[in-house]
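Visitor:
Number of protein chains: 2
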Amino acid sequence: MTKPLRIGVAGLGSVGAALVRLLQRRRADLRARTGRDITIVGVSARSRRERGLDLGGARFYDDPAALAASSEIDLFVELIGGADGAAYDAARAALSRGVPLVTANKAMLAAHGLELGRLAESHGAPLAFEAAVAGGIPIIKTLREGLAGNAVRRVSGILNGTCNYILSRMETEGLPFEACLADAQRLGYAEADPTFDIGGFDTAHKLAILASLAFGAKIDVGAISIEGIQSITLADLAAADELGYRIKLLGVAERSEKGIEQRVHPTMVAKAAPLAQTMGVHNAITIDGDAIGALTLVGPGAGGDATASAVAADICDIARGDVAPAFGRPIDALEEAERVPMQRHEGGYYVRLAVVERPGSVATISTRMAEQRISIEAIMQKGKAKGVTANEVVPVVLLTHATTETAIREALALAVADGAVRETPQVIRIERD
Amino acid sequence: MTKPLRIGVAGLGSVGAALVRLLQRRRADLRARTGRDITIVGVSARSRRERGLDLGGARFYDDPAALAASSEIDLFVELIGGADGAAYDAARAALSRGVPLVTANKAMLAAHGLELGRLAESHGAPLAFEAAVAGGIPIIKTLREGLAGNAVRRVSGILNGTCNYILSRMETEGLPFEACLADAQRLGYAEADPTFDIGGFDTAHKLAILASLAFGAKIDVGAISIEGIQSITLADLAAADELGYRIKLLGVAERSEKGIEQRVHPTMVAKAAPLAQTMGVHNAITIDGDAIGALTLVGPGAGGDATASAVAADICDIARGDVAPAFGRPIDALEEAERVPMQRHEGGYYVRLAVVERPGSVATISTRMAEQRISIEAIMQKGKAKGVTANEVVPVVLLTHATTETAIREALALAVADGAVRETPQVIRIERD
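Chains as they are written, first to last, in this note's numbering: chain U, 1 to 433; chain H, 1001 to 1433.
(1) Between Gly13 of chain U and Ala420 of chain U, what straight-line distance do the alpha-carbon atoms span, to the nearest angstrom?
(2) Specify, as a first and last residue, the run of the alpha helix (DSSP H) that Met342 of chain U falls within.
(3) If we ignore side chains and look at the alpha-carbon of each, how far apart do Ala378 of chain U and Ala402 of chain U end up?
(4) Curious, which full-length beta strand (DSSP E) runs of at least 3 residues does the region 306-381 of chain U contain?
(5) Between which two residues does the alpha helix (DSSP H) carrying Arg1027 of chain H extend?
(6) By alpha-carbon positions, which one of U:Thr162, U:Arg186, U:Tyr189 ends up nearest to Lys248 of chain U?
(7) Between which two residues does the alpha helix (DSSP H) carrying Ala184 of chain U extend?
(8) Any idea if Arg1046 of chain H is buried or exposed, counting beta-carbon neighbours within 10 angstroms, 16 or more meaning buried?
(9) Along the chain, where does the alpha helix (DSSP H) containing Tyr88 of chain U start, and where does it finish?
(10) Thr1142 of chain H CB to nearest chain U CB: under 9 Å?
(11) Closer than 9 Å, CB to CB, is Arg1246 of chain H near chain U or not?
(12) Which chain U residues are close to Ala1294 of chain H, counting only those with a beta carbon under 7 Å from its beta carbon?
(13) So, is the C-beta of Asn1150 of chain H closer than 9 Å to a C-beta in chain U?
(14) What is the DSSP secondary structure of Val155 of chain U, reduced to helix, strand or coil?
(15) For Arg1118 of chain H, would you say it is in contact with chain U, using Cβ-to-Cβ distances shorter than 9 Å as the test?
(16) Give me the DSSP bridge partner(s) of His1282 of chain H.
(17) What are the residues in the region 260-282 of chain U lying within 7 Å of chain H by C-beta distance?
(18) For the alpha helix (DSSP H) that Ala417 of chain U lies in, which residues bound it at each end?
(19) If you compare alpha carbons, which of U:His345, U:Thr364, U:Leu23 is closest to Arg263 of chain U?
(20) Quick check on DSSP: helix, strand or coil for Leu116 of chain U?
(21) Compare the C-beta of Val323 of chain U with all C-beta atoms of chain H and state if any pair is closer than 9 Å.
(22) Is it right to say Pro1359 of chain H is buried, meaning 16 or more other beta carbons lie within 10 angstroms of its own, or is it exposed?
(23) Need the endpoints of the beta strand (DSSP E) that Lys1248 of chain H sits in, please.
(24) Between H:Leu1127, H:Arg1026, H:Val1351, which lies nearest to Thr1267 of chain H when the distance is taken from Cα to Cα?
(25) What whole-angstrom Cβ distance do Ile1209 of chain H and Ile1219 of chain H have, given they're in contact under 8 Å?
(26) Let's test the definition: count the other Cβ atoms within 10 Å of the Cβ of Thr203 of chain U and tell me whether it reaches 16, buried, or not, exposed.
(27) Just how far apart, CA to CA, sit Ile1139 of chain H and Gly347 of chain U?
(28) Under 8 Å Cβ-Cβ, which residues of chain U neighbour Ser1014 of chain H?
(29) What's the call for Ala439 of chain U, buried or exposed, on a 16-neighbour Cβ count within 10 Å?
(30) Counting Cβ pairs closer than 8 Å, one from the region 1319-1333 of chain H and one from the region 163-171 of chain U, do we hit at least three?
(31) Can you tell me the Cα-Cα spacing of Ala284 of chain U and Arg186 of chain U, whole angstroms?
(32) Can you find a CB in chain H that lies within less than 9 Å of the CB of Pro330 of chain U?
(33) Taking 9 Å as the cut-off, decide whether the C-beta atoms of Glu1227 of chain H and Val1340 of chain H are in contact.
(34) Any idea if Pro64 of chain U is buried or exposed, counting beta-carbon neighbours within 10 angstroms, 16 or more meaning buried?
(35) So that I know if they touch, is there some Cβ in chain H lying closer than 9 Å to that of Ile158 of chain U?
(36) On the three-state DSSP scale, how would you describe Val15 of chain U?
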């Protein structure tokens, strides 16, 4: 048997604690799988408080970077979080000493992934981050290895369980956004400041990592157009249901001759699609590749045990000497892809309008659409309450065939300027195959 | 750059041809991923007929074993098929010379997987078979590596696209089994002799491989209880729909203190479960692990391109020196698990009975159930046509709470013997969480 793999773990929150327990519980099986004992020899955390964990003889480090730089460890696990600061310092300390790094830190990878990848390469140290995207779902390995023979055309996914929980409950129980968000906070799914989740930023970090792996391109989080779910109303969910869709917050990255388009926004997904059927806190990712067609993975996107499962998989790979490049190819082989901005996005649109109830309103809207060569697939006017008098508004929902973001925005702005539409129109992109 | 990886491909059917094209199309990307050129230097097929493939300077071998034993190749791809004969001879020829083997041959692995694994180990040659189960879906890698930190409790899957196509069309279009089978044959989904698919044997081969990887146990295809879909009627599908289920042919392997239970049979799956939502020729597998919870993969389970995607992934792993043991652990570490026979299966049951229309029939059935301590969850008596006279039969559907296979079979046999039930009862197991 090869000598033991000595691990340092920085961060003993829910994931760190679950990892400690997992490595103990699965010790014999992990030894059988990797041919070595995997032992935690050092830990670091913000405090030394009792956590009910059996840390054996592991030495406690107040400074995670000191643990990362210690000659006692063969592998460093970073579970601190945050793009910069302690996590980033410790990550660099490990890699620059040639120590393999396993991290769950999506924010750090989105911001510094390329630099860390380069550091890993130049020091011959593996860098692995299965746990950084979609919790326990092995999506990194799937893109990096399982689909290595494919030219990937699109990656689309539900990457934030908090948003999916909120949208699922709004839809199934008819509860308003605020009530569902409050419940998510009470259940520990959402932070006290939920902006990072519901604003789509967490999804964007994860999407940037997936796009890099999928397309062999440099991480480019700045290229992502980001919209959150705050504007989604029960009226939208009801209309979606009637039209055969569900509304999901998706991260979508697409490759075309134009370049790479990356976007995070609420999306109309046909009910039959696996992504539409993913409810609650689960995550799901669909990958479209030229050889495989469509592959979907569905599972827990967060939680201590599920995320520790992903960390453990990375540790096993390194323990048995697997040497896949962090982003599937050497950093220098990653492409600097052309950004396709959101204005050039092409697709179908769902539009909900507060139409002024007077003769000619709908004709005006139709004309503005026609001027932009937008073809309307469906129009739905409902809930026109009795007693609506002239110049009150009625809700109208439109679905368009494929058009561009620029065209739809222009048509709607003009319809508003014409006085045919009051309030800002609700615009939700439709994801089709 | 490391020296090129020279490949021999035996079998130029739809998968072999797709692989040849994939390796050409993705040449540059595969080089970036693995650091080497991947070149086909030898091929073997039943005939030398023109296939419209650019085989470059590859040498043609009439005998696949001669190709496998050639010193010109660094890796042998077996796409011949069949448990024995040419495929098996060639596989052994490669491994016993220390040449890595990539195979899509589930029948061979189910029959000889352990022996081939041992041969691979003793000669230090990788053995990889991602393409053997569920086509393009990277389920082997997921079990072997992605979920390495988990104690897997259950693997359940739709592993045969032909059966799922037939059941999906029966359900959605109300067409009888024979018509759907004929269409499947016309579309090339089913063989002229469809027994291997619809009888559940193909699913069993795949299940045996998955169970070995999931539980770290020796392949034991003889332990599998196998039922096909031939007995499923439109009446069953309609009753399932009404009760909130879909009927799927599942392969299920479960680990408990008793041992390992492996079974293939038509199954009632709750509509909300990802497996129930998998329609048409797609495959899907759900894995229940102690750390991750439930993970589901959905994708194409067959087809030349999708299967070639899986073969290419294995080739890439080997090209870059990945060394995972074929079954996740050394062969000698694989457990000889206790078989849990079908009679000891515990679960809920769907039962459709032709009940003799006379006073006391239902009471007799209820009594026989009660004697076996079977608790009835739901009972549905429908379609009692007008004009039914004494001693005609009416269809009755029962759902039971968890019981054992022995108990339900005994209760039904006695009810038939009592004269309360005519014809053989239809019994379908319910899969619950």
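Glycine included, C-beta positions come from ideal geometry on N, C-alpha and C.
Guide: Result, derived from the coordinates:
(1) Translated into positions along the first sequence, residue 13 of chain U becomes position 13. Translated into positions along the first sequence, residue 420 of chain U becomes position 420. Approximately 54 Å between the Cα atoms of the pair.
(2) As a position in the first sequence, residue 342 of chain U is number 342, starting the count at 1. Unbroken run through Met342 of chain U: none, as it is neither H nor E.
(3) By one-based count along the first sequence, residue 378 of chain U stands at place 378. By one-based count along the first sequence, residue 402 of chain U stands at place 402. If I take the Cα positions, the gap works out to 13 Å.
(4) 346-356, 376-381
(5) Position 27 of the second sequence, counted from the first residue, corresponds to residue 1027 of chain H. It spans 1027-1034 - the alpha helix (DSSP H) in which Arg1027 of chain H sits, taken as one unbroken run.
(6) Mapped onto the first sequence, residue 248 of chain U falls at position 248. When U:Thr162, U:Arg186, U:Tyr189 are compared, the shortest CA-CA separation from Lys248 of chain U is found for U:Thr162.
(7) In the first sequence, residue 184 of chain U corresponds to position 184, counting from 1. It spans 177-186 - the alpha helix (DSSP H) in which Ala184 of chain U sits, taken as one unbroken run.
(8) Walking along the second sequence from the start, residue 1046 of chain H turns up at place 46. Its Cβ having fewer than 16 others within 10 Å, Arg1046 of chain H is exposed.
(9) As a first step, residue 88 of chain U is located in the first sequence; it is residue number 88 there, counting from the start. For Tyr88 of chain U, the enclosing alpha helix (DSSP H) begins and ends at 86-96.
(10) Start at 1 with the first residue of the second sequence, and residue 1142 of chain H comes out as number 142. Residue contact check for Thr1142 of chain H against chain U: a CB pair falls below 9 Å.
(11) Along the second sequence, one-based indexing puts residue 1246 of chain H at 246. No, Arg1246 of chain H does not count as interfacial toward chain U.
(12) As a position in the second sequence, residue 1294 of chain H is number 294, starting the count at 1. For Ala1294 of chain H, the chain U residues whose C-beta falls within less than 7 Å of its own C-beta are Gly299, listed in chain order.
(13) The residue you call residue 1150 of chain H lines up with position 150 of the second sequence. Closer than 9 Å to some Cβ of chain U, the Cβ of Asn1150 of chain H qualifies, so yes.
(14) As a working note, residue 155 of chain U is residue 155 in the first sequence. If DSSP states are grouped into helix, strand and coil, Val155 of chain U belongs with the strands.
(15) In the second sequence, counting from the first residue as 1, residue 1118 of chain H sits at position 118. It does not: the Cβ of Arg1118 of chain H has no partner Cβ on chain U nearer than 9 Å.
(16) Numbered from 1 along the second sequence, position 282 holds the residue referred to as residue 1282 of chain H. DSSP output for His1282 of chain H lists H:Pro1300 as bridge partner(s).
(17) Pro274, Gln277
(18) Residue numbering aside, residue 417 of chain U sits at position 417 when the first sequence is read from its first letter. Run containing Ala417 of chain U: 405-417, per the alpha helix (DSSP H) assignment.
(19) By one-based count along the first sequence, residue 263 of chain U stands at place 263. Minimum Cα distance to Arg263 of chain U is reached at U:His345.
(20) Reading the first sequence from its first residue, position 116 is the one you call residue 116 of chain U. If DSSP states are grouped into helix, strand and coil, Leu116 of chain U belongs with the helices.
(21) To locate residue 323 of chain U, count along the first sequence from 1; it is residue 323. True, the Cβ-Cβ gap to chain H drops below 9 Å.
(22) Start at 1 with the first residue of the second sequence, and residue 1359 of chain H comes out as number 359. Exposed, by the Cβ-count rule.
(23) The sequence position of residue 1248 of chain H within the second sequence is 248, counting from 1. Its beta strand (DSSP E) spans residues 1245-1256.
(24) Taking the first residue of the second sequence as 1, we reach residue 1267 of chain H at position 267. Ranking H:Leu1127, H:Arg1026, H:Val1351 by Cα distance to Thr1267 of chain H puts H:Val1351 first.
(25) Start at 1 with the first residue of the second sequence, and residue 1209 of chain H comes out as number 209. Start at 1 with the first residue of the second sequence, and residue 1219 of chain H comes out as number 219. That pair is a contact at about 7 Å.
(26) Here residue 203 of chain U refers to the residue found at position 203 of the first sequence. Per the 10 Å Cβ criterion, buried.
(27) Counting from one through the second sequence, the residue named residue 1139 of chain H turns up at place 139. Counting from one through the first sequence, the residue named residue 347 of chain U turns up at place 347. Approximately 33 Å, taken between the alpha carbons.
(28) What you label residue 1014 of chain H is simply residue 14 of the second sequence in a count that begins at 1. Correct list: empty, because the minimum Cβ distance to chain U is about 13 Å.
(29) In this structure chain U extends from 1 to 433, so residue 439 of chain U is not present and cannot be described.
(30) no
(31) Position 284 of the first sequence, counted from the first residue, corresponds to residue 284 of chain U. Position 186 of the first sequence, counted from the first residue, corresponds to residue 186 of chain U. If I take the Cα positions, the gap works out to 24 Å.
(32) Translated into positions along the first sequence, residue 330 of chain U becomes position 330. Yes, its Cβ sits closer than 9 Å to a Cβ of chain H.
(33) The residue given as residue 1227 of chain H occupies position 227 in the second sequence. The residue given as residue 1340 of chain H occupies position 340 in the second sequence. Not closer than 9 Å, so no.
(34) In the first sequence, the residue the question calls residue 64 of chain U occupies position 64. Pro64 of chain U is buried by the Cβ-count criterion.
(35) For the purposes of this step, residue 158 of chain U is taken as the residue at position 158 of the first sequence. Closer than 9 Å: no.
(36) If you number the first sequence from 1, residue 15 of chain U lands on position 15. Val15 of chain U carries a helical assignment under DSSP once its states are collapsed to helix, strand and coil.
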